[in-house]
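Protein chains in written order, with the numbering used here: chain A, 1 to 194; chain B, 195 to 388.
2 protein chains.
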Amino acid sequence: MDKFLQYLSRYINLTDHEKTIIESRLKHRNYLKGQYIVQSGDICKCHSYVVSGKVRTFYLDDNGTEHIVMFGIENWWAGDLGSMITQKPADFNVQCLEHTKVIQIYYEKLEQLYEEVPKMERFFRLIIQNAYVNTQKRLVRNYSMTAKERYLLFCDEYPEITQRVPQYMIASYLGITKEFLSHIRNQIAKEAKS
Amino acid sequence: MDKFLQYLSRYINLTDHEKTIIESRLKHRNYLKGQYIVQSGDICKCHSYVVSGKVRTFYLDDNGTEHIVMFGIENWWAGDLGSMITQKPADFNVQCLEHTKVIQIYYEKLEQLYEEVPKMERFFRLIIQNAYVNTQKRLVRNYSMTAKERYLLFCDEYPEITQRVPQYMIASYLGITKEFLSHIRNQIAKEAKS
DNA sequence: CGTCTATTTGAATGTACTCAAAAGCGGTGG
DNA sequence: CCACCGCTTTTGAGTACATTCAAATAGACG
Chain A
1 MDKFLQYLSR YINLTDHEKT IIESRLKHRN YLKGQYIVQS GDICKCHSYV
51 VSGKVRTFYL DDNGTEHIVM FGIENWWAGD LGSMITQKPA DFNVQCLEHT
101 KVIQIYYEKL EQLYEEVPKM ERFFRLIIQN AYVNTQKRLV RNYSMTAKER
151 YLLFCDEYPE ITQRVPQYMI ASYLGITKEF LSHIRNQIAK EAKS
Chain B
195 MDKFLQYLSR YINLTDHEKT IIESRLKHRN YLKGQYIVQS GDICKCHSYV
245 VSGKVRTFYL DDNGTEHIVM FGIENWWAGD LGSMITQKPA DFNVQCLEHT
295 KVIQIYYEKL EQLYEEVPKM ERFFRLIIQN AYVNTQKRLV RNYSMTAKER
345 YLLFCDEYPE ITQRVPQYMI ASYLGITKEF LSHIRNQIAK EAKS
């Protein structure tokens with residue numbers, strides 16, 4: 001909990017009273033490896049802050065192919081925001097890739113919290129603003145870079161994730177097949193030799 | 195201006211006093227067809243609300259290819275948010291595709307406005323939240339749908355834009371070449387006949 | 001009518017995908 | 001301790017989707 005409040009304080013200054021209110025609106029929860037925080041089709045009832053562990057958000061298309069939308073590790077948020085704000089069935093699944101501790105805020109409690117502690121509007125504006133800017137960057141990269149370039153950039157930007165998730169999931173995140181990523185890696189290895 | 199306040203009131207309730215403050219922080223501006231609101235390399239100093247007209251946001255990659263990130267028409271916002279919040283050089287260009295009227299809010303004024311009218315935090319949280327959710331959806335679509343499916347969906351979702359912008363720009367938005375879009379349209383036309 | 005820009009068409013090419021099979025790797029039980 | 005099982009990664013051949021380049025056609029505007 002302290003860690004979470006510390007994280008909050010990177011964005012907003014809170015009084016002790018406000019901290020108490022915030023704490024009372026949150027819920028701690030643990031998930032096992034493989035468990036789902038959100039399942040597509042369900043309405044996403046809460047947004048989850050990852051305290052420890054590792055999650056992936058993915059979309060299952062009509063052909064049954066999984067597309068990883070994002071990974072989540074310490075200090076990241078996970079959930080289907082679109083589903084939560086519209087209270088419509090989720091498009092995405094959020095699954096834990098290892099034992100994961102989260103702090104959750106439920107939709108109603110969040111709305112309530114915005115009233116009680118208006119600074120939280122600012123906090124989430126800042127968080128979502130960053131997420132938006134990053135997603136837009138990623139979109140552009142998919143258009144303007146080759147798969148190989150995207151892979152190298154990913155390894156560079158998220159070394160921690162690169163090491164902690166299986167390769168086929170990175171392929172899925174990059175929007176390519178696992179076979180093709182293997183190909184790319186092979187190619188990179190050859191280049192390194194010469 | 196009334197139109198803008200009406201638009202604001204779809205998200206937040208404002209007192210007359212608050213409206214006056216907001217008005218005083220905004221700037222009206224007109225652009226001609228072809229003019230740039232933001233140029234990549236410059237620091238984006240303001241965010242622009244499109245009152246009328248039409249803009250495109252695009253990224254110019256290392257090969258000199260343009261990639262359209264988004265279009266903007268009435269009631270949309272345009273700018274390089276990433277540049278504005280970090281005060282670093284913009285990656286994107288925002289160009290007017292026709293004579294365009296905008297209402298602009300400059301970075302400093304916006305920060306000031308957040309202090310003066312905290313409801314604006316809520317307003318922009320809601321706006322950016324929507325934008326984020328939409329961008330994420332688009333990202334997933336690019337992974338899970340073929341170019342043809344994306345084109346048909348685009349025509350369906352943004353009929354107004356489909357009619358008002360040249361085809362090669364739609365191709366750029368979809369992440370394909372103008373030639374290939376022409377191909378796709380040809381194919382669709384053939385299917386319609388049979 | 002001529003010019004400029006946008007769109008179409010087609011052929012050759014390239015990037016990434018599919019499918020199938022083999023190899024690697026880690027854990028578990030005999 | 002090794003054999004086996006399931007899961008991940010690699011490899012390769014054939015294929016599909018999308019690009020590039022070049023040239024022709026169509027449209028818009030003065």
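Idealized CB from N, CA, C, for every residue including glycine.
Buried versus exposed, by CB contacts within 10 Å (16 or more), residue i
| i | result |
| --- | --- |
| Asn30 of chain A | exposed |
| Leu275 of chain B | buried |
| Lys3 of chain A | exposed |
| Leu307 of chain B | buried |
| Ser277 of chain B | buried |
| Glu302 of chain B | exposed |
| Glu315 of chain B | buried |
| Ser9 of chain A | exposed |
For residue j and residue i, the rounded distance between their alpha carbons
| i | j | result |
| --- | --- | --- |
| Leu153 of chain A | His17 of chain A | 43 Å |
| Gln361 of chain B | Ala147 of chain A | 26 Å |
| Gly34 of chain A | Ile127 of chain A | 27 Å |
| Leu375 of chain B | Glu149 of chain A | 25 Å |
| Tyr11 of chain A | Phe123 of chain A | 6 Å |
| Asn257 of chain B | Tyr143 of chain A | 12 Å |
| Tyr225 of chain A | Leu139 of chain A | The first residue shown for chain A is 1 and the last is 194, placing residue 225 of chain A beyond what the model contains. |
| Glu217 of chain B | Ile170 of chain A | 47 Å |
| Ala325 of chain B | Val296 of chain B | 19 Å |
| Thr195 of chain A | Thr162 of chain A | No answer is possible for residue 195 of chain A: the residues shown for chain A start at 1 and end at 194. |
| Lys313 of chain B | Ala386 of chain B | 50 Å |
| Thr259 of chain B | Thr15 of chain A | 50 Å |
| Lys239 of chain B | Asn207 of chain B | 27 Å |
| His67 of chain A | Lys190 of chain A | 29 Å |
| Arg335 of chain B | Cys155 of chain A | 24 Å |
| Asn380 of chain B | Asp255 of chain B | 29 Å |
| Met145 of chain A | Ile382 of chain B | 29 Å |
| Asp236 of chain B | Thr251 of chain B | 14 Å |
| Arg219 of chain B | Glu310 of chain B | 11 Å |
| Gly369 of chain B | Gly175 of chain A | 14 Å |
| Ile21 of chain A | Met1 of chain A | 13 Å |
| Glu179 of chain A | Leu226 of chain B | 49 Å |
| Arg319 of chain B | Arg125 of chain A | 4 Å |
| Lys282 of chain B | Ser48 of chain A | 30 Å |
Beta-carbon separation (whole angstroms), residue i vs residue j, contact threshold 8 Å
| i | j | result |
| --- | --- | --- |
| Val244 of chain B | Tyr253 of chain B | Not a contact, Cβ separation roughly 19 Å. |
| Glu354 of chain B | Ile267 of chain B | 7 Å |
| Asn100 of chain A | Ser52 of chain A | For the sequence presented, residue 100 of chain A should be read as Thr rather than Asn. With a Cβ gap of about 7 Å, Thr100 of chain A and Ser52 of chain A count as contacting. |
| Val133 of chain A | Phe71 of chain A | Not a contact, Cβ separation roughly 18 Å. |
| Gln284 of chain B | Ser234 of chain B | The sequence as given places Ala at residue 284 of chain B; Gln does not occur at that position. Ala284 of chain B to Ser234 of chain B, Cβ: 5 Å. Contact. |
| Asn269 of chain B | Val232 of chain B | That pair is no contact at about 19 Å. |
| Tyr201 of chain B | Gln289 of chain B | That pair is no contact at about 23 Å. |
| Leu5 of chain A | Lys27 of chain A | No, Leu5 of chain A and Lys27 of chain A are not in contact; Cβ-Cβ is about 15 Å, not under 8 Å. |
| Ile105 of chain A | Tyr151 of chain A | About 34 Å separates the two Cβ atoms, so there is no contact after all. |
| Val55 of chain A | Leu110 of chain A | That pair is no contact at about 19 Å. |
| Gln129 of chain A | Thr329 of chain B | Not really, about 12 Å apart at Cβ, beyond 8 Å. |
Bridge-paired residues (DSSP) for residue i
| i | result |
| --- | --- |
| Pro283 of chain B | B:Ile237 |
| Arg176 of chain B | Within the shown structure, residues of chain B are numbered from 195 to 388, placing residue 176 of chain B beyond reach of any answer. |
| Thr259 of chain B | Thr259 of chain B is not bridged to any residue. |
| Ile364 of chain B | DSSP, once it has assigned bridges, lists no residue as partnering Ile364 of chain B. |
| Arg29 of chain A | A:Val102 |
| Ser48 of chain A | A:Ala78, A:Gln104 |
| Val232 of chain B | B:Val288 |
Contacts that residue i makes with chain A (C-beta to C-beta distance below 8 Å)
| i | result |
| --- | --- |
| His261 of chain B | Val140, Tyr143, Ser144 |
| Gly369 of chain B | Asn142, Tyr143 |
Neighbouring residues, chain B, relative to residue i (Cβ below 8 Å)
| i | result |
| --- | --- |
| Val133 of chain A | Leu275, Gly276, Ile279 |
| Gln187 of chain A | Per Cβ cutoff of 8 Å: no residues; Gln187 of chain A is ~20 Å from chain B at best. |
Contact set between residue i and chain A, taken where Cβ atoms lie within less than 7 Å
| i | result |
| --- | --- |
| Ile319 of chain B | According to the sequence shown, residue 319 of chain B is Arg rather than Ile. The contacting residues are Glu121, Phe124, Arg125, Ile128. |
| Gln357 of chain B | What Gln357 of chain B touches in chain A: nothing, since even the nearest Cβ is about 23 Å away. |
Proximal chain B residues relative to residue i, where beta-carbon distance stays under 7 Å
| i | result |
| --- | --- |
| Tyr59 of chain A | Val334, Ser338 |
Proximal chain B residues relative to residue i, where beta-carbon distance stays under 9 Å
| i | result |
| --- | --- |
| Pro118 of chain A | Pro312, Lys313, Glu315, Arg316 |
| Gln39 of chain A | Neighbours of Gln39 of chain A on chain B: none; closest Cβ ~16 Å, over 9 Å. |
Near the ligand GTP: residue i beta-carbon under 7 Å from a heavy atom
| i | result |
| --- | --- |
| Lys119 of chain A | Looking at this structure, you won't find the ligand GTP or any other ligand, since it has none at all. |
Residue i: contacting residues in chain A (beta-carbon distance under 9 Å)
| i | result |
| --- | --- |
| Gln361 of chain B | Residues of chain A passing the Cβ test: none, with the nearest at roughly 17 Å. |
| Gln229 of chain B | Going along chain A, no residue has its Cβ under 9 Å from Gln229 of chain B, so there is no contact; the nearest lies around 22 Å. |
| Gln289 of chain B | Here the premise fails: no neighbours, minimum Cβ distance about 16 Å. |
| Gln298 of chain B | Those do not exist, as Gln298 of chain B stays about 18 Å from chain A at its closest Cβ, beyond 9 Å. |
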